[in-house]
Amino acid sequence: MRRVVIVPVLVHDTAYQNPYVMARSVLMVVVAVVYAALSTEGDGAGIHRVLNLERAFPVEEKMELEVVKARDRARHARLLQSFSGGVVDFPVRGTSDPYIVGLYFTKVRLGSPPQEFNVQIDTGSDILWVSCSSCNNCPRSSGLGIPLNFYDASTSSSVSSISCADNICSSIVQTASAECSAQSNQCGYSFKYGDGSGTAGFYVSDLLNFDTIFDASLVANSSAPIVFGCSTSQAGDLTKPDRAVDGIFGFGQQDLSVISQLSSQRITPKVFSHCLRGEGNGGGILVLGEILDPRIVYTPLVPSQSHYNLYLQSIAVNRQLLPIDQELFTTSGNKGTIVDSGTTLAYLVEGAYDPLVAALTATVSQFVKPIISKGNQCYLVATSELQMFPSVALNFAGDASLILRPIDYLVHTGFLDGAAMWCIGFIKVENQETSILGDLVLKDKIFVYDLAHRRIGWADHDCSLSVNVSVTTSKDEFLNAGQLIAGSSSLVSPIFHTLHKIIISLVLVSVTLLIS
């Protein structure tokens, strides 16, 4: 909702005969208009919300590939449940799982006064939830070196409970994401996962506080009411402190996701973008809005899916199509290809994985030494360069190809006999039929999730550099947003274009009155 500030201006009858008084009154209106603009909470057309990303695991600290695979396996056991109409997937192992490496998280501020929480970013789930002050078995410290906070509803002046009779709860229950207790009359939830972990709690409504950035020197505090989960109990890997965070920030496409709630209030457009930095200290950019880049190619989303399913059509190595049955890529039931920022590596069904590995090995075998390490196809490389490895193209509907450099599909796992060992980061999916594109192939690229037009787009980008963010739906205006972690972002609202014209006109009127 936009806050409108009305400033009373007292003008006596004689003021209309005094140009100096009239000019002063007009200038006071200018001040009022500017103040009202700066007090705007958002109108959905041109205001974009920005969150900083931090890497959840130090980039210089190495992890065994098997450890990462084990973490992903635990995730997928839960993730795939939602395909069959079960509970909406919450990959809640987050950074509390000891196998996590290379994931990203951000900070959110909830309540009045705001309480700050570190939450994992996840495009594979829908709900934002944080640990409650009454949470049982919740970790009290984190190996990530971040403080763990607990949401305390009693300290917030803007909180409201969601009862079983509430229309919001009724709609959530229909999606199997909520349950009601006659004793407490609270709209609650209980999520159980395939690896034995889980969380339970209740839904509340409170203010999400965020910064509306207009330019490098102007930041306006804004807020909006949202429904989110308050976790009162956790079990399994969620109780481990090694990689613990305060909760999960789901960026799925269902109605209860934050992006859906804010867009329905016309606070943000129904599109979000990220650029996850893979090199250096990690980090990146997350924008509740649309990053613009002329290189971005778009592919349609498969309709009526709970995850971000895409139409993968073929795979090519050095522009040569691989002999893969296209039926393997068809989306139905547990089959298909999904984009998931919560998965570290990339997973291909067996019928696509084997031809890919065979083509890569045949291309580089005369330059490197292929070996099998712990069941993974690896290569011993004598030099520090990877130019002998070919490019890999994942071809999607709409003539949209995701071109992978060697660094986008290889993982450096150490040294052997004086040579660097690089292993293929694609993992064979043997007992499932879903291919999953995780951070390995998402990093160092702009990714735009355009839910309004049911499509996803991408382009290669150095995520330590600035990006252009759309400020109008017609895309004829844009602004510059820098690397947010470095604090050099610059987001300008289109309202200032209008204000500029209004102010110029009013000042000209004032000057005319003074001259006359």
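When we follow the numbering used here, the leftmost residue of the sequence shown carries the number 76, and every step to the right adds one. Built from N, CA and C at the ideal position, the CB exists for glycine as well.
Would you say residue i and residue j are within 7 angstroms of each other, going by their C-beta atoms?
i	j	result
Gly-199	Gly-417	yes
Ile-334	Asp-415	no
Thr-307	Cys-210	yes
Thr-419	Asp-514	yes
Leu-223	Ser-231	no
Val-362	Ser-348	yes
Ser-233	Ser-265	no
Tyr-422	Ile-502	yes
Ala-494	Ala-434	no
Cys-350	His-536	yes
Val-424	Val-302	no
Tell me which same chain residues have a C-beta within less than 6 angstroms of the C-beta of residue i, skipping the five on either side of it?
i	result
Pro-465	Val-392, Asn-393, Thr-438
Pro-445	Thr-436, Tyr-454
Gln-309	Asn-212, Cys-213, Thr-274
Asn-284	Arg-184, Pro-189, Ser-298
Ser-235	Ser-280
Leu-396	Ser-389
Met-463	Val-439, Phe-442
Go through its chain and collect everything with a Cβ distance to residue i's Cβ below 8 angstroms, but skip five positions before and after it.
i	result
Ile-399	Ser-389, Ile-390, Gly-426, Ala-427, Pro-430
Cys-255	Cys-239, Cys-244, Val-248, Gln-261, Cys-262, Gly-263
Please classify residue i as buried or exposed, where buried requires at least 16 other C-beta atoms within 10 Å of its C-beta.
i	result
Ile-32	Any property of residue 32 remains undetermined from this structure, which presents the chain solely from 76 to 591.
Ser-568	Confidence is the limiting factor: at Ser-568 the pLDDT is only 38, short of 50, which leaves the residue's position unreliable and the question unanswerable from this model.
Gly-500	buried
Arg-352	buried
Gly-411	buried
Lys-518	buried
Gln-452	buried
Gly-489	exposed
Pro-369	exposed
Pro-166	Low per-residue confidence applies at Pro-166: pLDDT is 23, beneath 50, and the placement is therefore not dependable enough to give any value.
Asn-296	exposed
Asp-474	exposed
Pro-344	buried
Gly-220	exposed
Leu-485	buried
Asp-197	buried
Lys-449	exposed
Leu-469	buried
Tyr-383	buried
Near residue i, what residues of its chain come up, given a Cβ to Cβ distance below 7 angstroms and the 5 sequence neighbours on each side ignored?
i	result
Arg-530	Tyr-373, Thr-374, Pro-375, Leu-376
Asp-201	Val-163, Gly-325, Gly-327, Gln-329, Leu-331, Ser-332
Gly-532	Ile-371, Val-372, Tyr-373, Val-523, Asp-525
Phe-225	Ser-206, Cys-207, Ser-208, Cys-210
Ala-472	Thr-374, Pro-375, Tyr-386, Gln-388
Cys-538	Cys-350, Leu-351, Arg-352, Gly-359, Ile-360, Asp-519
Phe-404	Leu-387, Gln-388, Thr-412
- Message: Extract the residue ranges of the beta strand (DSSP E) inside the region 355–412, only unbroken runs of 3 or more that lie entirely within it.
- Response: 359–363, 372–375, 383–385, 387–392
- Query: Looking at C-beta atoms only, is the number of pairs between the region 177–197 and the region 321–333 that lie closer than 8 angstroms three or more?
  - Reply: yes
- Query: Would you call the region 331–349 and the region 227–241 touching, i.e. three or more CB-CB distances under 8 angstroms?
  - Reply: no
- Item | Completely contained alpha helix (DSSP H) runs for the region 445–480, where each covers 4 or more residues | none
- At 4 residues or longer, and completely inside the region 193–263: list those alpha helix (DSSP H) runs for me, N to C. 242–249
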